[in-house]
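Visitor:
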Amino acid sequence: MKKIKKQELARLLQQWQADYTVLAPSRATEVAAMAEWDGKDIGFLEWYRNTVIPPKEVILPNMEELFRFQKEGAGYRLTAAAPEAKQLVFGIRPCDARALAIIDLVFQDTYPDDYYLSRRQNTLLVGLGCTRPCDSCFCTSMGVSPGESGDVDLMCTDTGDELMIEGITAKGKELLEKTGGLAEASPEDGSRRQEAIEQARQRITRHLDTGGIAEKLQRSFEDKEFWERIAAKCITCGVCTFLCPTCYCFDINDEKTAAGGGARFRNWDSCSFAAYTRMPAENPREQKWQRVRQKVCHKYEFYPRLFNIIACTGCGRCIRLCPVNWDITETLKSVPAPTTT
Amino acid sequence: MAITDISHRQKFLADGNAYLPHIAVIEKIIDETPDTRTFHFNFKDEKLRREFTFASGQFGEYSVFGVGEATFCISSSPTRPDHLEFCVKRVGSVTNALHRLGEGAEIGFRGPFGNSFPLDYLKGRNLVFVAGGIGLAPLRSLIWNAIDNRQDYGKIDIIYGARSAADLCFKYDLDAWEKDATVNMTTTIDRQDKAWSGRVGFVPAVLEQVGPSAAGAAAIVCGPPVMIRFTFPVLEKLGFSPEQMITTLEKRMKCGIGKCGRCNIGDIYVCRDGPVFSFAQIKGFISGEY
Amino acid sequence: MSNEGWEPKILGFLCKWCSYAGADLAGTSRKKYPANIRIIKIPCSGRIDPLLIIKALRLGFDGVLVSGCHPGDCHYQTGNYRARRRIAITKKFLEYLGVEPQRLQASWVSASEGDKFARVVAEVTREVKEVGPNRLFVDERLGSQVTD
Amino acid sequence: MKDWEARLRTEARKLLEQGEIEYLIGFAPGSLKFTTTPLITGNKEDAGLLVINPFITNNLSVFLNETRGRTGIVAKGCDARAIISLIQDNQVAREKVFIIGVPCPGIIDLRKVEKLTGRDRDELDDITLAGERVTVTWDGQPREFPAAEVLRDDCLDCTSPAPREYDLLLGEEAHAGAAAGRGKSKIRELEALPPERRWDFWKNEFSRCIRCYACRQICPACFCERCFVEEAEPHWVSPLPAWQENLLFQATRIIHVAGRCVDCGECERACPVHIPLRLLTGKMEDIVDELFHYRAGMDKNEPPLMTAYQPEEAEDFIR
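Sequence order for the protein chains is A, B, C and D. Its first residue numbered 1, the first sequence is counted upward by one per residue in the working numbering. Its first residue numbered 342, the second sequence is counted upward by one per residue in the working numbering. Its first residue numbered 632, the third sequence is counted upward by one per residue in the working numbering. Its first residue numbered 780, the fourth sequence is counted upward by one per residue in the working numbering.
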């Protein structure tokens, strides 16, 4: 394990900037998001708790060009851009890093998704443990520790004046090896780090028992009355899904220009929208309660059945950003317990 | 930024980027009904044309560049590989754009995607095809496939209906099957119609009248959702087990490869795990939401 | 960018009962007016939706003209009055967003006013020309959506 | 406000018990600090959950299409105007609603509190509003501020904090915008800019729109069964979150709700990326007032702005 004084962080990031496009928490666009680091400002160490826009945006952007087309005579010419340069995300939280590990499963499945996977491969994640979790956070209930992560390449822990830096993956360890200006952490540093991790864990105040949740949901699937009650105050906007670090659903759309050219893009989509599944003849999820049910069950029932993991990391964005304070933890707590028949 | 020309890639999905279409040329357009057309197409690239293979029941994603993509099954049979076909009803922006294209126009094609009709299970059985409207499109791939391998199958019953005589698709096929002594063809329309001298009645009711035996048979059903919902109970009454009833589901799709999420039903993605399912697989969810 | 040789493209939404016939009359009586206008026939000026206006600007038209029947003459009694409110609001609002007011124009032209139609098109074209090309919505990535 | 809350609970329970109303729409405590959440219920026991505090931010009239029978609804001044507007537009029948009016002292804008205190909302101990003063407590220390510094902009501009239409009114007092007009100072600044700077401003703001449609979904005036954005043929607006399409969507939406929008400010609050939508709705309110001397949701018997006309009006721009 290595360490660095917090005020030295800019020098460290500058060093990494030589080989990577460095992204770090930023408020340049009004709300916190991962954005290209400006080469000096490390003020985020003070204000940053988590981003509003989840870092999945770095790997799965809300508007991603798939390829371009250009009309040539009677036909078309297609061109695709090469993958982008290597990037390094500094400061990703353990919940969001876990979220990427979770959605990796779907993008690796059956037909590998070249766009997602190449970005993923080209991106180095440097985690930063939480010291001030929000009151909406419930990561510990989802198997995530706010202070540590195995889902990043390098993990940093804030021990007050210093950042402890640990290599997690081979890629991360290699970078750490190459990085100059770091001090070796002592055993005392190690125990201070352990203390910080433990403290972060203690600061999580929201808890959810997910035991048997998939089974409960499966049994309640046809309980229309329950779902109508749950859905009543939902306004079916896309806030919770778009800003969820594990929501990966997308749409594909073309944009064209006057000169017969254009591009195909993919953009985030949401199962909260009626148009998402609407077909000319009918819509399997026309009703609000059906869409709310889809959102909840996809995360806590279908995804676990497919990939053996719940598609939620307890980041709490859906709770704190919801315009009507629709709280997923309350919903899950109110799923009727299985009745023995 | 490096730009690569990908117009002439010769790799199919298995080892290529599944989002990039291959360019295909529309060779022929057939008006099926006032709002439905069949397009014959072929890949622009010679090598792709030779090497492309698919199975009955699989689908593709078809692009009109600048408008978008839509999902259609391949409606021709792999036993007749000189060209490929798909059938389009005019309902939205992409389908309208396809209808505006003429012969010689270039489109994009991604596929083939999805599973296919279970030929191993069907071989040696009597086949009962039940279709409504444009729902015949996916089945006709299998029907021609079976006819071209006639010795592999038992009796073939086809029960096909549409709202009116004008809405019957693939009339040239209906004629051919009518004339084929090895096929028992029944065509019906929903309501009496001056231009029609044949049978009148809804598909499920006509199916009951025809009453094919369930013994050693399999029923393959495709049509509007409401027809499918009423057809399964009739088949049950005729003695078909849920495993003997096969259908192909239509859902809104974008990616075709089990990622974008909209065709998700429980833990399946219709595009990746379907679109062909037995009633045994889907009866759990067909009663409720789907 | 130089505007030399540039001619504005103006989209005209014309009520079929009056202005469209007025445009027809201008044509058949060989009135000269600038060829800058592309015409869409609408059933009544009351059909105009702010969406149509903004969409036209989004597509790159340099100006939009909505033309209907004179007050009191609407085939459907009140369509043009309703259009008037809508256009008034749209114009003020677009101006606030930063759209030059000259880009949205309105006129009352009856079926017998071929002359007036020609004059309106000439005036609108001149005013839009003065403001210059519409680059409001130009896409930095892909270029313009403007179609001919 | 505590008295109002107690009275509300009693009255609401009585109304449900007596069958005067079948449903109740009000506010219950939220699951996070300083939040409330809409309560939509037919169960009289739930009346005990009702709260009235300076955090009852939602405009509950958006839920009126959720209930089938006669519905009791808790309404602040702006919410009552939204209901009136819905009545004018035949979206809600007056008889269908039982309006429980709350004379609104103003709603606290938590983003303003965060800016003022330099603390995130969950790190504050308490926020109390009393008349013109607000007390915010953090690290155990209470600190006092003028209420105008933390009230929502739309509250600062509010001219009808007391509901204009109600069946039951909690309390009597209602301060009409202590600092009326203050909430629109940014609009005035924008107006003073040259057009291209204004366009650049909006281009920049809308480039971060993620197209979640929270603004539309939270809006009581956006009641179309199918929004133009979802039309497939023609595809008026691309679903791609490009700034052009985002602005095309929002500009059209704001014009569509002209004369219906009561400037309740909910779209701006709901926006997860903080696009200052009130700079649009507030301006639209001004335009409608200036051109037609009309204000949305003031009188249920008045015809809606866009269906009415005066033979002689707003002619000057027409050739």
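Glycine included, each C-beta is placed from N, C-alpha and C at the ideal position.
1. Pair every Cβ in the segment 69 to 83 of chain A with every Cβ in the segment 259 to 270 of chain A, then say whether three or more of these pairs are closer than 8 Å.
2. If you reduce the DSSP assignment to three classes, tell me which class C/G636 lands in.
3. Using a Cβ cut-off of 8 Å, pull out every chain A residue sitting near B/G433, in sequence order please.
4. Within 10 angstroms of its Cβ, does C/C671 collect 16 or more other Cβ (buried), or is it exposed?
5. Less than 7 Å between CB atoms is the rule here; does A/K256 satisfy it with respect to chain B?
6. Report the option in C/A652, C/D770 and C/T721 whose CA atom is closest to the CA atom of C/L683.
7. Kindly indicate which residue of B/F384, B/P565 and B/A438 has the alpha-carbon position closest to the one of B/V423.
8. What residues in the segment 217 to 237 of chain A have a beta carbon less than 7 Å from any beta carbon of chain D?
9. Using a Cβ-Cβ cut-off of 7 Å (strictly less than) and excluding sequence neighbours within five positions of C/C646, which residues of its own chain qualify?
10. For B/G409 and B/V429, what's the separation of their Cα atoms in angstroms?
11. Considering only their Cβ atoms, is the gap separating A/A183 from A/K3 smaller than 7 Å?
12. Is the beta carbon of A/R206 sitting closer than 7 Å to the one on B/D608?
13. Kindly indicate if chain D contains any beta-carbon less than 7 Å away from that of A/C130.
14. With DSSP collapsed to three states, give me the class of A/N325.
15. Using alpha carbons as the reference points, say which of A/D135, A/L175 and A/N267 lies closest to D/R990.
16. Could you tell me the boundaries of the beta strand (DSSP E) in which C/L683 lies?
17. For D/Y992, return the contacting residues in chain C, with the cut-off set at a CB-CB distance below 8 Å.
18. Is A/L321 close to chain D, meaning its C-beta is less than 7 Å from at least one C-beta of that chain?
19. Report yes or no: do three or more beta-carbon pairs, one from the segment 586 to 596 of chain B and one from the segment 497 to 508 of chain B, lie closer than 8 Å?
20. With three or more C-beta pairs closer than 8 Å as the rule, is the segment 812 to 829 of chain D touching the segment 855 to 868 of chain D?
21. With three or more beta-carbon pairs closer than 8 Å as the criterion, would you say the segment 561 to 572 of chain B touches the segment 358 to 377 of chain B?
22. Given that a residue counts as buried once 16 or more other Cβ atoms are within 10 Å of its Cβ, and exposed if not, what is A/Y248?
23. Taking 7 Å as the CB-CB limit, is D/P974 close to chain C?
24. Of the residues A/V58, A/K178 and A/S118, which one's Cα is nearest the Cα of A/R90?
25. For chain B, is any of its Cβ atoms less than 7 Å away from the one on D/E1012?
26. Any beta carbon from chain B within less than 7 Å of A/D398's own beta carbon?
27. Is there a Cβ of chain A sitting closer than 7 Å to that of D/Q996, yes or no?
28. What's the gap between the Cα of A/D19 and the Cα of A/G238?
29. Within the segment 464 to 491 of chain B, note down every full alpha helix (DSSP H) run reaching 4 residues or more, in order along the chain.
30. Restricting to Cα atoms, I'd like to know which of C/G658, C/N765 and C/T659 is closest to C/P639.
31. Mind pulling the beta strand (DSSP E) runs of 3 or more residues that sit fully within the segment 517 to 568 of chain B?
32. Could you tell me the alpha carbon to alpha carbon distance between A/C130 and D/S810, rounded to whole angstroms?
33. By Cβ distance below 7 Å, which residues in the same chain neighbour A/A214 in space, the five residues on each side in sequence not counted?
34. Quick one, are the C-beta atoms of D/K1062 and D/I866 less than 7 Å apart?
35. In the DSSP assignment, the alpha helix (DSSP H) including A/Q294 goes from what residue to what residue?
36. Looking at the C-beta of B/Y360, does it have a partner C-beta in chain A at a distance below 7 Å?
Guide: Well, looking at it:
1. yes
2. The residue you call residue 636 of chain C lines up with position 5 of the third sequence. It is coil, neither helix nor strand.
3. Along the second sequence, read from residue 1 onward, the residue named residue 433 of chain B stands at position 92. Simply P280.
4. On the third sequence, residue 671 of chain C is found 40 positions in, with the first residue counted as 1. Sequence check: residue 671 of chain C is Ile here, not Cys. Exposed is the call here.
5. As a working mapping, residue 256 of chain A is identified with position 256 in the first sequence. It does; some Cβ of chain B falls within 7 Å.
6. On the third sequence, residue 683 of chain C is found 52 positions in, with the first residue counted as 1. When each option's Cα is compared against that of C/L683, the closest is C/T721.
7. Counted from its first residue, the second sequence places residue 423 of chain B at position 82. Strictly speaking, residue 423 of chain B in this sequence is Asp, with Val absent from that position. That would be B/F384, whose Cα lies nearest to the Cα of B/D423.
8. A232, K233, I235, T236 and C237
9. Here residue 646 of chain C refers to the residue found at position 15 when the third sequence is read from its first residue. Excluding residues within five positions, the ones whose Cβ falls inside 7 Å are I673, C675, S676, S698, G699 and C700.
10. On the second sequence, residue 409 of chain B is found 68 positions in, with the first residue counted as 1. On the second sequence, residue 429 of chain B is found 88 positions in, with the first residue counted as 1. The straight-line gap from Cα to Cα measures roughly 15 Å.
11. The residue labelled residue 3 of chain A in the question sits at position 3 within the first sequence. The residue labelled residue 183 of chain A in the question sits at position 183 within the first sequence. Yes.
12. The residue labelled residue 206 of chain A in the question sits at position 206 within the first sequence. The residue labelled residue 608 of chain B in the question sits at position 267 within the second sequence. No; because the gap between Cβ atoms is not below 7 Å, this pair is not in contact.
13. As a working note, residue 130 of chain A is residue 130 in the first sequence. With 7 Å as the cut-off, A/C130 does not count as an interface residue toward chain D.
14. To locate residue 325 of chain A, count along the first sequence from 1; it is residue 325. It is coil, neither helix nor strand.
15. As a working note, residue 990 of chain D is residue 211 in the fourth sequence. Ranking the options by Cα distance to D/R990, first place goes to A/N267.
16. By 1-based counting over the third sequence, the position of residue 683 of chain C is 52. It is not in any beta strand (DSSP E) - C/L683 instead sits in the alpha helix (DSSP H) that spans P681 to R689.
17. Looking up residue 992 of chain D in the fourth sequence gives position 213. Here the premise fails: no neighbours, minimum Cβ distance about 16 Å.
18. Looking up residue 321 of chain A in the first sequence gives position 321. With 7 Å as the cut-off, A/L321 counts as an interface residue toward chain D.
19. no
20. no
21. no
22. Position 248 of the first sequence, counting from 1, holds the residue named residue 248 of chain A. Label assigned to A/Y248: buried.
23. What you label residue 974 of chain D is simply residue 195 of the fourth sequence in a count that begins at 1. Yes, its Cβ sits closer than 7 Å to a Cβ of chain C.
24. The sequence position of residue 90 of chain A within the first sequence is 90, counting from 1. The amino acid occupying residue 90 of chain A in the given sequence is Phe; Arg does not appear at that position. Checked all of A/V58, A/K178 and A/S118; the closest Cα to A/F90 is A/V58.
25. Numbered from 1 along the fourth sequence, position 233 holds the residue referred to as residue 1012 of chain D. With 7 Å as the cut-off, D/E1012 counts as an interface residue toward chain B.
26. Because chain A in this structure spans residues 1 to 341, residue 398 of chain A falls outside the shown range and cannot be described.
27. By one-based count along the fourth sequence, residue 996 of chain D stands at place 217. D/Q996 counts as touching chain A.
28. Looking up residue 19 of chain A in the first sequence gives position 19. Looking up residue 238 of chain A in the first sequence gives position 238. For A/D19 and A/G238, the distance between alpha carbons rounds to 36 Å.
29. 477 to 489
30. Mapped onto the third sequence, residue 639 of chain C falls at position 8. Looking at the Cα atoms, C/N765 is the closest of the given residues.
31. 524 to 530 and 558 to 563
32. Along the first sequence, read from residue 1 onward, the residue named residue 130 of chain A stands at position 130. Along the fourth sequence, read from residue 1 onward, the residue named residue 810 of chain D stands at position 31. Approximately 22 Å, taken between the alpha carbons.
33. Counted from its first residue, the first sequence places residue 214 of chain A at position 214. So the qualifying residues of the chain are Y300, E301, P304 and R305.
34. Counting from one through the fourth sequence, the residue named residue 1062 of chain D turns up at place 283. Counting from one through the fourth sequence, the residue named residue 866 of chain D turns up at place 87. No; because the gap between Cβ atoms is not below 7 Å, this pair is not in contact.
35. Taking the first residue of the first sequence as position 1, residue 294 of chain A is located at position 294. Run containing A/Q294: K288 to C297, per the alpha helix (DSSP H) assignment.
36. Start at 1 with the first residue of the second sequence, and residue 360 of chain B comes out as number 19. So yes, B/Y360 belongs to the interface.
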